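Chemist: Residue numbers (the numbering used here): 7 to 175.
Handing you a structure now.
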Amino acid sequence: MKQTDIKSSLGKEDVIDIIGQQWMLVTAGTKDSYNTMTASWGGMGYLWNRPVAFVFIRPERYTHDFIESNERLTLSFYPESYRKALQICGTKSGRDIDKAKETGLVPVELEDGVMTFSQARLTVVGRKLFKAPMKEAEFIDKSILAQWYGGGHGGLHDVYVVEIEKVFE
Ligand SMILES: Cc1cc2nc3c(=O)[nH]c(=O)nc-3n(C[C@H](O)[C@H](O)[C@H](O)COP(=O)(O)O)c2cc1C
7 MKQTDIKSSL GKEDVIDIIG QQWMLVTAGT KDSYNTMTAS WGGMGYLWNR PVAFVFIRPE
67 RYTHDFIESN ERLTLSFYPE SYRKALQICG TKSGRDIDKA KETGLVPVEL EDGVMTFSQA
127 RLTVVGRKLF KAPMKEAEFI DKSILAQWYG GGHGGLHDVY VVEIEKVFE
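Structure (structure tokens):
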């Protein structure tokens with residue numbers, strides 16, 4: 007895995023597609039204690055004069071604990087052949103299974119002690135800048151509340167904005 011220039015590596019990507027359709031793993035923690043989960047909601051852009059990424063994590067995710075207790079996280083992207091692995095990481099909890107063992111993904115520690123997996127074709131390292139819980143009252147289109155937060159969907163997401171510090175290919 008080699009560090010690359012942020013603009014030239016992410017400039018090649020269709021962010022809506024790689025997050026929304028191809029999915030990513032959000033990983034936080036250290037070599038000895040980390041967790042990962044699949045996410046398909048999020049984005050990348052420019053805020054406070056920095057390149058940033060934002061992710062939306064429901065508080066009940068085990069990964070949420072690790073995002074809370076660590077300064078950084080990674081977003082990692084995989085070839086289509088890993089769809090099954092991402093499916094597992096998005097339907098099982100690290101509270102119940104060892105996701106690396108179950109999927110064959112090989113954990114790799116990067117600089118700054120962050121974690122990704124050797125099979126990733128792209129890993130974005132982000133440092134937390136901002137967190138806010140979504141609040142019911144702030145939804146302008148209330149139909150989204152019923153659609154995504156009613157009947158068994160789970161809690162309102164926490165929004166995290168992270169500064170994109172490094173990208174590895
Ligand atoms: C395609 C896909 C996308 C997902 N996107 C998100 C997301 O953006 N935010 C979120 O909180 N959960 C998302 N999930 C659900 C978590 O990945 C899932 O609850 C996972 O089992 C959490 O694992 P953990 O408890 O080990 O953290 C997604 C699941 C799938 C399959």
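Beta carbons: idealized from backbone N, C-alpha and C, even for Gly.
Note that the coordinates shown come from a computational prediction; the quantities given were computed from them, not determined experimentally.
For serine 87, which of Glu175, Lys148, Trp29 and Asp20 has the nearest alpha-carbon?
Modeler: Among Glu175, Lys148, Trp29 and Asp20, the Cα nearest to that of serine 87 is on Trp29.
Chemist: Short check: CB of leucine 111 to CB of threonine 129, under 9 Å?
Modeler: No. Outside cutoff.
Chemist: Is the CB-CB distance between proline 65 and glutamate 169 below 9 Å?
Modeler: Cβ atoms of proline 65 and glutamate 169: not closer than 9 Å.
Chemist: Give, in chain order, every unbroken run of the beta strand (DSSP E) that is at least 3 residues long and sits entirely within the region 111-141.
Modeler: Counting whole runs of 3 or more residues, the region 111-141 contains the beta strand (DSSP E) stretches 113-115, 121-123 and 128-139.
Chemist: Looking at the unbroken alpha helix (DSSP H) that takes in aspartate 102, where does it start and where does it end?
Modeler: No alpha helix (DSSP H) contains aspartate 102, which DSSP labels as neither H nor E.
Chemist: Is it buried or exposed for phenylalanine 174, if we count other Cβ within 10 angstroms and need 16 for buried?
Modeler: Counting Cβ neighbours within 10 Å, phenylalanine 174 comes out buried, since at least 16 surround it.
Chemist: In or out: arginine 101 buried (at least 16 other Cβ within 10 Å) or exposed?
Modeler: Arginine 101 comes out exposed.
Chemist: Measuring only the C-alpha atoms, how far is valine 120 from glycine 35?
Modeler: Using only the alpha carbons, I get a separation of about 7 Å.
Chemist: Does ligand 1 have a heavy atom nearer than 8 Å to the CB of methionine 140?
Modeler: Result no, Cβ not under 8 Å from ligand 1.
Chemist: Any heavy atom of ligand 1 within a distance shorter than 8 Å of the CB on asparagine 55?
Modeler: It does not: the Cβ of asparagine 55 is nowhere closer than 8 Å to a heavy atom of ligand 1.
Chemist: Could you name the residues that DSSP lists as bridge partners for tyrosine 52?
Modeler: According to DSSP, which records beta bridges pairwise, tyrosine 52 is partnered with Pro57.
Chemist: Report the three-state DSSP secondary structure of aspartate 164 (helix, strand or coil).
Modeler: Note: aspartate 164 maps to strand in three-state DSSP.
Chemist: Using CA atoms only, rank isn't needed, just tell me which of Glu144, Tyr84, Val165 and His70 is closest to asparagine 41.
Modeler: Checked all of Glu144, Tyr84, Val165 and His70; the closest Cα to asparagine 41 is His70.
Chemist: Considering only DSSP beta bridges, list what tyrosine 88 is partnered with.
Modeler: DSSP, once it has assigned bridges, lists no residue as partnering tyrosine 88.
Chemist: Could you check where the beta strand (DSSP E) with threonine 44 kicks off and where it finishes?
Modeler: That run of the beta strand (DSSP E) goes 39-45.
Chemist: Helix, strand or coil for glycine 35? Go by DSSP, reduced to three states.
Modeler: Of the three classes helix, strand and coil, the one that applies to glycine 35 here is strand, per DSSP.
Chemist: Comparing alpha-carbon positions, which option in His163, Phe145, Ile150 and Lys105 lies nearest lysine 137?
Modeler: Comparing Cα positions, the closest option is His163.
Chemist: Hey, would you say the C-beta of serine 99 is under 8 Å away from at least one heavy atom of ligand 1?
Modeler: Checking every heavy atom of ligand 1 against the Cβ of serine 99, one is found closer than 8 Å.
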